[in-house]
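Here's the structure we're looking at; comments come further down.
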Amino acid sequence: MFDKFGEFNSSAEINELAENLFNEGDMESIKVMAKENGIQDEVVEMYLQGEVPALCDTVTAAVGKIEAEAEELKPQEILEDWVQYIIGQCIKDELMAAYVRKKGKSLKGCIAALLTWSFSNCYEIDKDIIAETGILSGKIPMPPAGKGSSRQAITMGIPGMGRAKKIIREYYMGGGKE
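Quick note on the working numbering: the sequence shown kicks off at 131 and runs consecutively.
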């Protein structure tokens with residue numbers, strides 16, 4: 131994902147490189163670096179024309195990072211909801227945006243934290259609910275059971291939105307608001 135320029139720790143690092151590349155007249159590298167970091171083409175053009183003093187700020191650097199990661203991951207359904215929540219938090223909270231931009235923090239890592247909680251907190255679904263689905267009657271096909279296992283209970287463990295928000299914040303920020 132960060133193939134040519136590597137992962138940046140902050141918008142300041144992105145802007146420093148952009149300024150150096152600009153001063154060297156290397157506009158193509160600015161475009162490549164911006165694309166790797168999810169910075170919109172329109173913003174890049176404004177920067178190159180001198181219409182904006184910096185290529186990005188803390189929020190646009192974080193949102194760009196999440197959008198670039200999501201483009202690669204192609205999240206669906208609940209995962210897409212989580213991505214949109216993270217983007218919303220970056221827009222609302224500049225401190226959260228700064229943490230999202232940090233090196234070593236990634237959308238993959240955040241989703242892994244959410245899934246780790248999910249798999250560690252599965253609970254059995256009520257048999258009457260299962261009966262209503264038609265799964266046991268064969269109307270709805272179930273994915274195959276793991277090798278050597280037999281299905282006796284159907285479980286799930288998706289975190290509620292409150293729990294997911296906490297896991298997301300803890301992943302990126304290491305706990306509550308600082």
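Ideal Cβ positions, reconstructed from N, Cα and C, are used throughout, including at glycine.
Taken atom to atom, the span from the alpha-carbon of A283 to that of K134 is near 48 Å.
Within a 10 Å sphere around the beta-carbon of C252 sit fewer than 16 other beta-carbons, which makes this residue exposed. E254 is bridged by DSSP to T285. Taking all protein chains in view, the Cβ of S236 is crowded by 16 or more other Cβ atoms within 10 Å, so the residue is classified as buried. Straight-line measurement puts the Cα of G155 at about 44 Å from the Cα of I208. With fewer than 16 other Cβ atoms inside 10 Å of its own Cβ, E254 counts as exposed. Note on Q219: 16 or more other CB atoms within 10 angstroms of its CB, so buried under the neighbour-count rule. Within the same chain, and ignoring the five residues on either side of E224 in sequence, the residues whose Cβ sits closer than 7 Å to its Cβ are T188, V189. The distance from the Cβ of N145 to that of L185 is about 5 Å, consistent with a contact at the 8 Å cut-off.
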